[in-house]
Amino acid sequence: MDDQASQATPAAPRTPSAPRPVTPPPPAPAHAPAPMPSPPRVPAWDGLRRMRGQARKTTGLPPRHQMAQRDEPSTVHEVGESSRQAELRGQVQQVAQDLQGLRQEVHQHHTLLEDTRNIILEILTSHLTLMEQVNLMGIDNQAWRITVEERFSRTLRQRIVAAFWQQVEVMRAGLVRVREFLVWLETVSFETRMIVLAVTMAAVAIIFSCLSYFIR
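Okay, so the sequence shown: first residue is 1 according to full-length UniProt numbering, each after it adds one.
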């Protein structure tokens with residue numbers, strides 16, 4: 001009976017359990033600071049090359065032949081030197097090399113200019129020497145021409161005078177012969193005189209006939 005009574009008694013109501021505490025979500029892990037970007041590499045400064053190329057373009061000079069690329073050593077970091085300082089030092093060395101090459105080129109141009117000036121001076125000196133020799137030859141030629149003309153005129157005068165006196169001597173000899181002939185003619189007979197006169201007249205006639213023939 002007791003068992004039935006116990007079974008008949010209703011069960012006692014359950015009391016609600018205490019609410020569980022709400023746990024907050026775990027905090028998000030702190031983000032690590034982003035790495036600083038490395039500074040951009042500065043290209044090697046080639047201002048002098050660009051200036052030389054621009055100068056050749058503006059002056060109309062032919063473009064320079066491309067030279068072989070130089071073996072540039074890699075940047076060596078010294079103790080306690082950053083990459084930026086190493087790059088700057090490499091650029092400074094490059095500029096120093098460019099300046100050295102430019103200095104050598106200027107020296108070569110200066111040497112070439114000196115050689116050209118010396119050649120021009122030699123040419124001018126030779127030209128002046130040649131002009132002096134030409135002037136001296138002109139003076140000598142003029143003096144020689146004057147001397148030759150004087151000698152020629154003197155010789156011509158002498159020849160004219162000599163020919164004149166020679167003709168005088170010939171005429172004198174002719175007069176002497178004519179005088180001797182007249183003296184001889186006075187001593188010969190009358191018949192001989194007539195024969196001589198006839199021969200003379202015949203000779204004169206022959207001479208005149210020849211002259212008339214040549215005049216025609």
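Yeah, the Cβ is synthetic: ideal placement off N, Cα and C, and Gly gets one too.
Rounded C-alpha distance that separates L128 from N118: When rounded, the distance between both Cα atoms is 15 Å.
Cα-Cα separation, H110 to L99: Between the alpha carbons of H110 and L99 lies a distance of about 16 Å.
Where E150 and Q142 are concerned, what is the direct C-alpha to C-alpha distance, given to the nearest angstrom? As the crow flies, the alpha-carbon of E150 is around 12 Å from that of Q142.
Integer-rounded CB distance, given that L185 should sit under 8 Å from R193: Contact holds; Cβ gap of about 6 Å.
Distance, Cα to Cα, L211 vs V183? Those two C-alpha atoms are separated by around 31 Å.
Where do the N-terminal and C-terminal ends of the alpha helix (DSSP H) with S189 fall, by residue? Looking at the DSSP string, S189 is not in any alpha helix (DSSP H), and its letter there is neither H nor E.
Between V188 and the rest of its own chain, which residues show a CB-CB distance below 6 Å, the 5 nearest in sequence each way excluded? Here the set comprises nothing.
Alpha carbon of G174 to alpha carbon of I139, nearest angstrom: Near 52 Å, if we compare the C-alpha coordinates of I139 and G174.
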